[in-house]
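Chains as they are written, first to last, in the numbering used here: chain L, 1 to 346; chain G, 347 to 548. Here a beta-carbon is modelled for each residue, glycine too, at the ideal position from N, C-alpha and C. Here is the structure we will look at.
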Amino acid sequence: MTIQFNDETFYDDYTFRNSEWAIRRFPFPFHEDSYMYSVNLEPHLSLRPGSVFEKTFDVDEHYVSEMRDRARVLAEDPLRCQSLPHMTLAGWDLLELIMDAKAREYPDLFELHRDGDRWHWINKPLGIDQTFTFLDETTLPCGPMEYITRQAQGDFALLDHRDDNLWMDAGMVTTQADWSLDFDIGMNFYEWHAPVPKAHEMGVFQRALKFLLNLQQGAPVRRLNWTMTVNPLLDTSPENYHKWGVQKTSVTPENVGSKYHLRVELQTLFRLPRSNALAFPIRCYLIRLEDLATVPKWGRRLHRVLRDLPEELATYKGFIRNRPMIVDYLSQFDDGAETSPGIWPD
Amino acid sequence: MSRFQFPKSIQSRPVYGTLSARTGKAHLMVADAEGAEAILDLAAAEPALMARVHVIYIPKDTGTTYVERLRAAAPAQLYVGPSFAAAQPRLRKALADAHMGLQIYLAGTEGLIGLAMQDAIAAGFPDGAIQTEHRGSVARRVQCVHCKGITEDVSQSPFVCAHCGLNLFVRDHYSRRHAAFQGVCIDAEDPGEVPASEGLYQ
Numbered sequence: 001m002t003i004q005f006n007d008e009t010f011y012d013d014y015t016f017r018n019s020e021w022a023i024r025r026f027p028f029p030f031h032e033d034s035y036m037y038s039v040n041l042e043p044h045l046s047l048r049p050g051s052v053f054e055k056t057f058d059v060d061e062h063y064v065s066e067m068r069d070r071a072r073v074l075a076e077d078p079l080r081c082q083s084l085p086h087m088t089l090a091g092w093d094l095l096e097l098i099m100d101a102k103a104r105e106y107p108d109l110f111e112l113h114r115d116g117d118r119w120h121w122i123n124k125p126l127g128i129d130q131t132f133t134f135l136d137e138t139t140l141p142c143g144p145m146e147y148i149t150r151q152a153q154g155d156f157a158l159l160d161h162r163d164d165n166l167w168m169d170a171g172m173v174t175t176q177a178d179w180s181l182d183f184d185i186g187m188n189f190y191e192w193h194a195p196v197p198k199a200h201e202m203g204v205f206q207r208a209l210k211f212l213l214n215l216q217q218g219a220p221v222r223r224l225n226w227t228m229t230v231n232p233l234l235d236t237s238p239e240n241y242h243k244w245g246v247q248k249t250s251v252t253p254e255n256v257g258s259k260y261h262l263r264v265e266l267q268t269l270f271r272l273p274r275s276n277a278l279a280f281p282i283r284c285y286l287i288r289l290e291d292l293a294t295v296p297k298w299g300r301r302l303h304r305v306l307r308d309l310p311e312e313l314a315t316y317k318g319f320i321r322n323r324p325m326i327v328d329y330l331s332q333f334d335d336g337a338e339t340s341p342g343i344w345p346d
Numbered sequence: 347m348s349r350f351q352f353p354k355s356i357q358s359r360p361v362y363g364t365l366s367a368r369t370g371k372a373h374l375m376v377a378d379a380e381g382a383e384a385i386l387d388l389a390a391a392e393p394a395l396m397a398r399v400h401v402i403y404i405p406k407d408t409g410t411t412y413v414e415r416l417r418a419a420a421p422a423q424l425y426v427g428p429s430f431a432a433a434q435p436r437l438r439k440a441l442a443d444a445h446m447g448l449q450i451y452l453a454g455t456e457g458l459i460g461l462a463m464q465d466a467i468a469a470g471f472p473d474g475a476i477q478t479e480h481r482g483s484v485a486r487r488v489q490c491v492h493c494k495g496i497t498e499d500v501s502q503s504p505f506v507c508a509h510c511g512l513n514l515f516v517r518d519h520y521s522r523r524h525a526a527f528q529g530v531c532i533d534a535e536d537p538g539e540v541p542a543s544e545g546l547y548q
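Following this line, the structure appears as structure tokens:
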């Protein structure tokens, strides 16, 4: 199929919209009517043609505009992309992983031609035609991680594996749920997760780390995470929180259905072949509550999940002040009927 | 007494121990203010150690309180400097000149410990060669997540960022790389509604 790329914005006038296609394939993150943290990792295998789980790196109608938004954010704040000196090889690993997957899975959009170390990369949606020498930084306009993640939706972290821990030593982070790469770079797995409430005591991070340290090449895994965002703002960074935080006060019972978005992260993890680092893509999907509720099961379920969510989590996820309004709005979609197990629409 | 019992906190927040003498040919001690007490305690416990110690000391607002006692402990080298920034070239030289096996002891405020740790790690010393002991003020170095400026000796939260002027609350989230805690705008959602400042552990 050919994707029609939207011309839209994720800030200021917020012209972002999901088509009917994008709504139906939205990665709804709740498999039951309640939510608590868990190590909800599963193999990142191709699932359901057309779904966001089909391809290694999903490309959708927002691709071109998201890449434009990334370039805008980087121009304002270059510290959103950083790589500690020992992480360059992992950057090349990531470049290969993404180029290879995109060219294989979207041959109408991307091409990769290799002649030994001489590579030729064609990115048709972004109009890029680049010849370079693999593993030779001087042949790209910027470092390999920055180069390829300016052409791939979602944030990316590269995690170094040493001392039985994972270290966030490189990243491209412009669509984040309120965490700072500049502050967290260089931290280990426990340290960068330190501000998350409850999960440490539940042993979630110990189990997740143990699992990830054993992650094998060719066997990537995935999980979904979520939060709530006012307006389709991709860059909900702490750096700019003093600018976007006030938007939370712009929500009224009349506009809550169009202003509030469920924000879902499709997180995947790949073992990289040369560096033995992990690639950690964090892909963000946004959907208006009123669009989400066009799928009856999702409207019902989201109402129940948000209504019953422990206060600590609603606070951490940043929507405690507006929760009553959100829950009140969603209650109109909840007729009390039973919901089917799993995340898919009925 | 200059010791403070820090409440239990999140996992990125550093924890400090008590300095103890280690065997080794060379020892580097870096301290500020009441951190001198930790060195004096160590010297009292192991007087023979001091002949192999280089002490870098920044008195800050303790003035001359500890200087003569440090001198009396007879370290091989004693430097008393006006600020960490002034002492830093000397510290870096000492780290660069050191042979393998140098034992490093850091004592005093969290800011001093964090900054000296940065230099020691940058010079290639492993965690295990560095001991720390907190003494004195519980004020923190805080990085403003918005403008990236660092404000020294923050003892109240919220406080006004010395660089951009935003009202910041002080988190326990800590970056070794910046040697700083994180400060985040407290009135982003309600501009101008800033709660009264309180001492960090009140």
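- At a cut-off of 4 residues, the continuous stretches assigned as alpha helix (DSSP H) that sit fully inside the stretch 158-206 of chain L are 181-184, 189-192.
- Around G:I476, the same chain offers I450, L452, M463, A466 as residues with beta carbons nearer than 7 angstroms, after the five sequence neighbours per side are excluded.
- Below 8 angstroms, too few C-beta pairs join the stretch 79-88 of chain L and the stretch 38-50 of chain L to call them touching: fewer than three.
- At a beta-carbon threshold of 7 angstroms, the residues of chain L lying near G:Q528 are F183, ordered along the chain.
- According to the DSSP assignment, L:R263 belongs to the beta strand (DSSP E) that extends over 260-271.
- Checking the DSSP bridge columns, you'll see G:D378 partnered with G:I404.
- For the pair L:E54 and L:D77, the Cα-to-Cα distance works out to about 33 angstroms.
- Within chain G, no C-beta atom comes nearer than 9 angstroms to that of L:A208; the closest sits roughly 14 angstroms away.
- At a beta-carbon threshold of 8 angstroms, the residues of chain L lying near G:H524 are F183, ordered along the chain.
- By the Cβ-count criterion, G:A419 is buried, with 16 or more other Cβ atoms from all chains shown falling within 10 Å of its own Cβ.
- Interface flag for L:Y190 against chain G is set, since a Cβ pair is found closer than 9 angstroms.
- Residue pairing of L:N225 in beta bridges, as defined by DSSP: L:E265.
- By the C-beta criterion, the stretch 275-288 of chain L is judged to be in contact with the stretch 159-179 of chain L, since at least 3 inter-stretch pairs fall below 8 angstroms.
- Looking from the CA of G:V361, the closest CA among L:E191, L:C284, L:L262 belongs to L:E191.
- Identification of chain G residues near L:A194 by a Cβ-Cβ cut-off of 9 angstroms yields S355, I356, Q357, S358, R359, D518, H519, Y520, ordered along the chain.
- In the assembly as shown, G:V484 is an exposed residue. Its beta-carbon has fewer than 16 other beta-carbons within 10 Å.
- Against chain G, the CB of L:M67 has no partner CB under 9 angstroms away; the residue lies outside that interface.
- Interface annotation, L:R222: not in contact with chain G, CB-CB separation never under 9 angstroms.
- Excluding its 5 nearest sequence neighbours in each direction, L:Y316 has C-beta neighbours in its own chain below 6 angstroms: P197, listed in chain order.
- Contact of L:N255 with chain G is not assigned, every C-beta pair being separated by 9 angstroms or more.
- Within the stretch 424-499 of chain G, complete beta strand (DSSP E) segments of at least 3 residues are found at 449-454, 476-480, 486-490, given in chain order.
- With its beta carbon at least 9 angstroms from every one in chain L, G:D499 lies outside the interface.
- Rounded to the nearest whole angstrom, the C-alpha separation of L:T268 and L:R222 is 4 angstroms.
- DSSP places L:H44 outside any beta strand (DSSP E), giving it a letter other than H or E.
- The shortest C-alpha to C-alpha distance from L:G116 to any of L:I122, L:F132, L:N123, L:Y106 is the one to L:F132.
- Only residues of its own chain outside the window of five on either side were considered, and among them F430, A525 have a CB closer than 6 angstroms to the CB of G:L461, listed in chain order.
- Taking the beta carbon of L:V246 as reference, the chain G residues within 7 angstroms of it are A534, E535, P537, listed in sequence order.
- Taking C-alpha positions only, G:G538 is separated from L:L286 by approximately 30 angstroms.
- Secondary structure of L:W119 (DSSP, three-state): strand.
- For G:R517, the uninterrupted beta strand (DSSP E) segment begins and ends at 513-521.
- Counting of Cβ neighbours within 10 angstroms places G:T497 among the buried residues, the total reaching 16 or more.
- For L:E111, the three-state secondary structure derived from DSSP is strand.
- In the three-state reduction of the DSSP assignment, G:Q528 falls in the strand class, which pools E and B.
- For G:Q489, the chain L residues whose Cβ falls inside 8 angstroms of its Cβ are F183, in order along the chain.
- L:D334 has its alpha-carbon roughly 33 angstroms from the corresponding atom of L:D12.
- For L:A22, the enclosing alpha helix (DSSP H) begins and ends at 20-24.
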